[in-house]
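Trainee: Before we start, here is the structure in question, set down as structure tokens.
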Amino acid sequence: MGQQGSVPPHLHWICCGSWNVWRFPYLCQVYGGGAFLIPYLIALVFEGLPLLHLELAIGQRLRMGSVGVWNSISPYLGGVGIASLIVSFLVGLFYNTILAWVLWYFFHSFQDPLPWRDCPVNHNQTGYVKECEESTPVNYFWYRETLNITPNIETNGTLQWWLVLCLATAWCLVYICFIRGIETIGKAVYITATFPYLVLTIFLVRALTLPGATVGLTYLFTPNWETLKNPQVWLDAATQIFFSLSLAFGGLIAFSSYNPQKNNCERDALIVGLINSATSIYASIPIFAILGFKANSNYNDCRNRNILSMTNAFNIADQNITLENYNSWLEDLNATSPEKVEGLNLHICNLQTFLDQSASGTGLAFIVFTEAVINMPGSQVWAVLFFVMLFSLGLSSMFGNLEGVLTPLLDLHLVPSWIPKEIFTGLMCLVSFAVALIFTMGSGNYWLEIFNTYVGSLPLLVIAFFEIISVVYIYGIDRFNDDIEWMTGKRPNLFWQVTWRFISPLMLLVVFLAYIVVQANTTPTYTAWDPAYEKFPEFDVRPYPEWVYGICILLSTISCVFIPIVALYRFICFLWRRVTEWRDTGSYDNHGYVTDM
Numbered sequence: 010m011g012q013q014g015s016v017p018p019h020l021h022w023i024c025c026g027s028w029n030v031w032r033f034p035y036l037c038q039v040y041g042g043g044a045f046l047i048p049y050l051i052a053l054v055f056e057g058l059p060l061l062h063l064e065l066a067i068g069q070r071l072r073m074g075s076v077g078v079w080n081s082i083s084p085y086l087g088g089v090g091i092a093s094l095i096v097s098f099l100v101g102l103f104y105n106t107i108l109a110w111v112l113w114y115f116f117h118s119f120q121d122p123l124p125w126r127d128c129p130v131n132h133n134q135t136g137y138v139k140e141c142e143e144s145t146p147v148n149y150f151w152y153r154e155t156l157n158i159t160p161n162i163e164t165n166g167t168l169q170w171w172l173v174l175c176l177a178t179a180w181c182l183v184y185i186c187f188i189r190g191i192e193t194i195g196k197a198v199y200i201t202a203t204f205p206y207l208v209l210t211i212f213l214v215r216a217l218t219l220p221g222a223t224v225g226l227t228y229l230f231t232p233n234w235e236t237l238k239n240p241q242v243w244l245d246a247a248t249q250i251f252f253s254l255s256l257a258f259g260g261l262i263a264f265s266s267y268n269p270q271k272n273n274c275e276r277d278a279l280i281v282g283l284i285n286s287a288t289s290i291y292a293s294i295p296i297f298a299i300l301g302f303k304a305n306s307n308y309n310d311c312r313n314r315n316i317l318s319m320t321n322a323f324n325i326a327d328q329n330i331t332l333e334n335y336n337s338w339l340e341d342l343n344a345t346s347p348e349k350v351e352g353l354n355l356h357i358c359n360l361q362t363f364l365d366q367s368a369s370g371t372g373l374a375f376i377v378f379t380e381a382v383i384n385m386p387g388s389q390v391w392a393v394l395f396f397v398m399l400f401s402l403g404l405s406s407m408f409g410n411l412e413g414v415l416t417p418l419l420d421l422h423l424v425p426s427w428i429p430k431e432i433f434t435g436l437m438c439l440v441s442f443a444v445a446l447i448f449t450m451g452s453g454n455y456w457l458e459i460f461n462t463y464v465g466s467l468p469l470l471v472i473a474f475f476e477i478i479s480v481v482y483i484y485g486i487d488r489f490n491d492d493i494e495w496m497t498g499k500r501p502n503l504f505w506q507v508t509w510r511f512i513s514p515l516m517l518l519v520v521f522l523a524y525i526v527v528q529a530n531t532t533p534t535y536t537a538w539d540p541a542y543e544k545f546p547e548f549d550v551r552p553y554p555e556w557v558y559g560i561c562i563l564l565s566t567i568s569c570v571f572i573p574i575v576a577l578y579r580f581i582c583f584l585w586r587r588v589t590e591w592r593d594t595g596s597y598d599n600h601g602y603v604t605d606m
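In our numbering, the protein residues as written are 10 to 606.
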């Protein structure tokens, strides 16, 4: 550790990955847009920025990875670094699967027309595939042609060979970019952190010209205050900050150890935190503008189907009922012939419902942007640009994830000295690829949702809490302030002091306890894509089977348990050493304990 200035961390974390383009808008949609922005911004100020500054500073000062840093502060804290290692490994598994999806779409983006523009013809050549007609070509390409998704999580399906090939390609590309070490990553970040802004700006201009865009933007920036009573919103806001800024994963500490010791880490923390969060919101604007366009189109299609039913049933001239006077005609017909109108089984056309259902789950960015691309001139060019952007963002995040695994393993001396780092990195990528094959099955998307929900939520809260407590109350806040003053030339101001000492750990603790209470009183559910569902193409919301719920609990706790396990192991070793020394010499050696009896 400790090479001077090889990586510009402010570049790597300004636009850290497709968490900004994929996960942040997805959470905004889940919680109704504006209701998520409020806790997100609060979490940024009182959790994200203080933790970012703390990790940058402690890594830069101690010149070690996550395991080395916490071991040097206290041997009893070694489990914090191991917990970060496990979270980074598990997140890397499903995150690189998203890059595999990106590659699959990228390869298809050169076709003319784009394969998600029209429904395919059925086997009898008599019409279009029913599943596609009942949903949309974009949804069909995602759920059937890409995922070939099973109707529920208990039906595994087979490995989808095209996804296996894309996953193998994604891991090979990550490995190739990583094997030359931190210097290569520093150069690659210049491209991966800047190119996405150009593409996002292009899509933003296009999205704002679409009909219904203002509906989507209103949805994004209008909060539902009742939603803020749900502790899950605050948990997801807190953990999204961790994902966006790569906090508690260990990679940030590892990368910052390469900075010059006199680097201004406070400035980096503010620049990175604010620009990164601004990027998330900036990326959400075109997505929600397109969501508004898609919802508005579905809303009008719904009303047009109802208009056709009414004109046929009441023998009304086609031109009499239009979208503009639809509501007044429906009110009149309900007043004069309510029984006949009820017998038509008209569709319920609610714009808010279509906004909520425009896209769901991990496929939000894929479905929304591909919907926009097919309506743009030169659609193949825009599709290629978009998926190159997503891949560059994802590659940037994978650098941090892989570094967060490799550096702690080296710190723990678990890698034999005779194995070159290139070989060991290749073995790690191969193992990760083999485990991630679960995500290429027909049920793979359901499992990816589980990993996304449980691997990076509760564990990150626990790790972050112990990080703050370790630095402030074990390493010592005065000593830490002295270190920062030596590195930056000035002592941390009142904001940093108050948040590190009180606000940040208290917020983490409150969100953690609220989350435990909520999870104990609710049954986790998932959304299934099932063409046999009576309300298809709506999603079928189902509870997880009990055995899957057990796996959810395991994923939430598997990394955290190493914190007390390592502390207990070190304490037992300490007691055993004292007993052995007393038995052999009749006294304790001078470790700060009793030395004479």
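Think of the CB as a built atom: it goes at the ideal place given N, C-alpha and C, for glycine as much as any other residue.
Quantities reported herein were computed from a predicted structural model and do not represent experimental measurements.
#1: Determine whether the beta carbon atoms of S97 and N410 lie at a separation below 7 Å.
#2: Going by beta carbon distance, what residues of the same chain come within less than 8 Å of Y335, once the five residues before and after it are set aside?
#3: Mapping the DSSP letters down to three states, classify D121 as helix, strand or coil.
#4: Distance check for L168 and V111, CA to CA, integer angstroms please.
#5: Assign P84 to one of three DSSP states: helix, strand, or coil.
#6: Distance, Cα to Cα, L229 vs F150?
#7: Candidates V39, R153, I91, V76: which alpha carbon is nearest I574's?
#8: Does I191 come out as helix, strand or coil in the three-state DSSP assignment?
#9: Quick check: what's the CA-CA separation for L209 versus F548?
#10: Using 8 Å for Cβ pairs, my map puts G88 next to D420. What's the rounded Cβ distance?
#11: Could you say which of A523, L217, L522 lies nearest to M7 if we only look at CA atoms?
#12: Under 7 Å between the Cβ atoms of L439 and F448?
#13: Could you tell me which of T416, V393, G559 sits nearest to D121, measuring between CA atoms?
#14: How would you call D487, buried or exposed, if buried means at least 16 neighbouring beta carbons within 10 angstroms?
#15: Output needed for M496: all residues of its chain with C-beta closer than 8 Å, excluding positions within five of it in sequence on either side, in chain order.
#16: On a Cα-Cα basis, can you pick out the residue from V481, L156, G225 that is closest to L172?
#17: With which residues is A537 paired in a DSSP beta bridge?
#18: Run through the segment 37-86 for me and flag every whole alpha helix (DSSP H) of 4 or more residues, listed as ranges in chain order.
#19: Let me know if Y184 comes out buried or exposed under the rule of 16 or more other beta-carbons within 10 Å of its beta-carbon.
#20: Would you call the CB atoms of A246 and A52 closer than 7 Å?
#21: Identify whether Y137 lies in helix, strand or coil by the three-state DSSP scheme.
#22: If I'm right that M437 touches V414 with Cβ under 8 Å, what's the distance once you round it to whole angstroms?
#23: Per DSSP, what kind of secondary structure is V570 in: helix, strand or coil?
#24: According to the Cβ coordinates, are E143 and P554 closer than 7 Å?
#25: Note down, in chain order, each residue of its chain lying with its Cβ closer than 8 Å to the Cβ of L256, except the 5 sequence neighbours on either side.
#26: Can you tell me the Cα-Cα spacing of E590 and C582, whole angstroms?
#27: Please classify M385: does DSSP put it in a helix, a strand, or coil?
#28: Measure the CB-CB distance between T236 and G42 and report whether it falls below 7 Å.
#29: Classify V471 as helix, strand or coil using the three-state DSSP reduction.
#30: Pick helix, strand or coil for V130, following the three-state DSSP scheme.
#31: Rounding to the nearest angstrom, what Cα-Cα distance links C128 and I376 in this structure?
#32: So, with DSSP's three-state summary, where would you put L355?
#33: Hey, would you say A304 sits closer than 7 Å to F378, going by beta carbons?
#34: Kindly list the residues whose CB is nearer than 8 Å to the CB of Q609, restricted to its own chain and excluding five residues on each side of it in sequence; keep chain order.
#35: In or out: P552 buried (at least 16 other Cβ within 10 Å) or exposed?
#36: Assuming Q249 is part of the alpha helix (DSSP H), what are its boundary residues?
Mentor: Reading from the atomic positions:
#1: Within the sequence shown, the letter at position 88 stands for residue 97. Within the sequence shown, the letter at position 401 stands for residue 410. Judged by beta-carbon spacing, N410 lies within the 7 Å limit of S97, meaning their Cβ atoms are closer than that value.
#2: Within the sequence shown, the letter at position 326 stands for residue 335. Closer than 8 Å at Cβ, skipping near neighbours: R312, N315, I316.
#3: Start at 1 with the first residue of the sequence shown, and residue 121 comes out as number 112. D121: coil per DSSP, three-state reduction.
#4: Indexing the sequence shown from 1 puts residue 111 at position 102. Indexing the sequence shown from 1 puts residue 168 at position 159. Looking at the two C-alpha atoms, the distance is approximately 18 Å.
#5: For this step, residue 84 is matched to residue 75 along the sequence shown. Helix, per DSSP.
#6: Translated into the one-based positions of the sequence shown, residue 229 becomes position 220. Translated into the one-based positions of the sequence shown, residue 150 becomes position 141. If you take the alpha carbons of L229 and F150, they lie about 26 Å apart.
#7: Here residue 574 is taken as the residue at index 565 of the sequence shown, counted from 1. It is I91 whose Cα lies nearest to the Cα of I574.
#8: Locating residue 191 in the sequence shown gives position 182, counting from the first residue. Note that I191 scores 49 on pLDDT, short of 50, meaning its location in the model is unreliable; the coordinates nonetheless yield the value given after this. Note: I191 maps to helix in three-state DSSP.
#9: What you label residue 209 is simply residue 200 of the sequence shown in a count that begins at 1. What you label residue 548 is simply residue 539 of the sequence shown in a count that begins at 1. Their Cα atoms are separated by approximately 29 Å.
#10: What you label residue 88 is simply residue 79 of the sequence shown in a count that begins at 1. What you label residue 420 is simply residue 411 of the sequence shown in a count that begins at 1. Actually they do not touch by this definition, with Cβ atoms about 13 Å apart.
#11: A question about residue 7 goes unanswered here, because the residues of the chain that appear run from 10 up to 606.
#12: Reading the sequence shown from its first residue, position 430 is the one you call residue 439. Reading the sequence shown from its first residue, position 439 is the one you call residue 448. Not a contact, by the Cβ cut-off of 7 Å.
#13: As a working mapping, residue 121 is identified with position 112 in the sequence shown. Cα-wise, what sits closest to D121 is V393.
#14: What you label residue 487 is simply residue 478 of the sequence shown in a count that begins at 1. Burial call: exposed.
#15: For the purposes of this step, residue 496 is taken as residue 487 along the sequence shown, with counting starting at 1. The answer, listed in chain order, is A66, Q69, R70, Q270, K271, N272, N273, C274.
#16: Taking the sequence shown and counting its residues from 1, the one referred to as residue 172 is at position 163. With distances taken between Cα atoms, L172 lies closest to L156.
#17: Counted from its first residue, the sequence shown places residue 537 at position 528. D549.
#18: 43-52, 58-71, 75-82
#19: As a working mapping, residue 184 is identified with position 175 in the sequence shown. When all chains shown are included, Y184 counts as buried.
#20: Residue mapping note: residue 246 aligns to position 237 of the sequence shown, counting from 1. Residue mapping note: residue 52 aligns to position 43 of the sequence shown, counting from 1. In this structure, A52 lies closer than 7 Å to A246 by Cβ.
#21: Residue numbering aside, residue 137 sits at position 128 when the sequence shown is read from its first letter. Here Y137 sits in strand by DSSP.
#22: Position 428 of the sequence shown, counting from 1, holds the residue named residue 437. Position 405 of the sequence shown, counting from 1, holds the residue named residue 414. M437 to V414, Cβ: 6 Å. Contact.
#23: In the sequence shown, counting from the first residue as 1, residue 570 sits at position 561. Residue state, collapsed to three classes: coil.
#24: Within the sequence shown, numbered from 1, the residue matching residue 143 stands at position 134. Within the sequence shown, numbered from 1, the residue matching residue 554 stands at position 545. No; because the gap between Cβ atoms is not below 7 Å, this pair is not in contact.
#25: On the sequence shown, residue 256 is found 247 positions in, with the first residue counted as 1. Closer than 8 Å at the Cβ level, and outside the excluded window around L256, lie G57, L60, L61, E64, I250, L469, A473.
#26: On the sequence shown, residue 590 is found 581 positions in, with the first residue counted as 1. On the sequence shown, residue 582 is found 573 positions in, with the first residue counted as 1. When rounded, the distance between both Cα atoms is 12 Å.
#27: The residue labelled residue 385 in the question sits at position 376 within the sequence shown. Looking at M385 - three-state DSSP - the assignment turns out to be coil, as it is neither helix nor strand.
#28: Counted from its first residue, the sequence shown places residue 236 at position 227. Counted from its first residue, the sequence shown places residue 42 at position 33. Their beta carbons are not under 7 Å apart, which means T236 does not touch G42 by this criterion.
#29: Indexing the sequence shown from 1 puts residue 471 at position 462. Three-state DSSP puts V471 in a helix.
#30: On the sequence shown, residue 130 is found 121 positions in, with the first residue counted as 1. Strand, per DSSP.
#31: Looking up residue 128 in the sequence shown gives position 119. Looking up residue 376 in the sequence shown gives position 367. Per the coordinates, the alpha-carbon of C128 lies some 15 Å from the alpha-carbon of I376.
#32: Translated into positions along the sequence shown, residue 355 becomes position 346. The answer is coil: DSSP assigns L355 none of H, G, I, E or B.
#33: Within the sequence shown, numbered from 1, the residue matching residue 304 stands at position 295. Within the sequence shown, numbered from 1, the residue matching residue 378 stands at position 369. Cβ atoms of A304 and F378: not closer than 7 Å.
#34: In the structure as shown, the chain begins at 10 and stops at 606. Residue 609 is therefore absent and cannot be evaluated.
#35: As a position in the sequence shown, residue 552 is number 543, starting the count at 1. By the neighbour-count rule (16 or more Cβ atoms within 10 Å), P552 is not buried but exposed.
#36: Translated into the one-based positions of the sequence shown, residue 249 becomes position 240. Start and end: 240-254.
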